[in-house]
Amino acid sequence: MKKTEIKINVTLDDNHVPDELNWSAPDGGIRDQDAAALFLSTWDKEAQESARIDLWTKEMPVDQMRVFVHQTLIGIRASYLKATQDVEMGESFQQFCDYFSDELKLGKAQRTKE
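Below, the structure written as structure tokens:
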């Protein structure tokens with residue numbers, strides 16, 4: 032069985048707030064890719080619960096955070112639908128994503144990213 036590594040580097044300021052984020056996935060051809068925000072979720076199958084790491088730099092603009100969260104929700108919806116084949120809930124999730132986009136006035140271009 033092959034193992035691979037995904038590495039996340041976080042540079043903190045004096046107050047322990049992320050100043051810089053970058054990540055590498057050498058097998059995917061990604062090395063030291065800068066990021067302004069990162070959401071990572073894991074599932075503990077024994078405890079039956081998720082754990083999360085949500086990081087963003089202090090320079091991350093609020094308007095970009097809104098788009099990032101919206102696109103993350105769309106991605107979660109796509110993953111949920113692929114994993115469960117639950118079309119009815121997938122449609123409900125999409126309705127929420129559209130509502131989120133409409134309320135934040137993100138526009139059609141942001142709504143279609145998947």
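Residues in the sequence shown are numbered from 32 upward in steps of one, following the numbering used here. Ideal Cβ placement from N, Cα and C applies to all residues, glycine included. These numbers come from a predicted model, not from an experiment.
What residues are listed by DSSP as bridge partners for residue i?
| i | result |
| --- | --- |
| S55 | K38 |
| E80 | D75 |
| D65 | N53 |
Can you tell me whether DSSP reads residue i as helix, strand or coil?
| i | result |
| --- | --- |
| T73 | strand |
| Q116 | coil |
| D85 | strand |
| L43 | strand |
| E90 | coil |
| M96 | helix |
| L135 | coil |
Relative to the alpha-carbon of residue i, which residue among the options has its alpha-carbon at the smallest distance?
| i | options | result |
| --- | --- | --- |
| I39 | T73, E51, H47, F127 | E51 |
| V41 | K33, T35, S55 | S55 |
| S72 | D85, A78, G60 | D85 |
| K34 | L43, D45, P57 | P57 |
| V98 | L69, E36, V48 | L69 |
Following a CB-centred definition, is residue i positioned closer than 6 angstroms to any heavy atom of the ligand MN?
| i | result |
| --- | --- |
| E122 | Absence of the ligand MN from the depicted structure is noted, as is the absence of any ligand whatsoever, leaving it without description. |
Using 8 angstroms as the threshold, is the stretch 85-102 in touch with the stretch 54-64, meaning 3 or more CB pairs across them? No, the stretch 85-102 does not touch the stretch 54-64.
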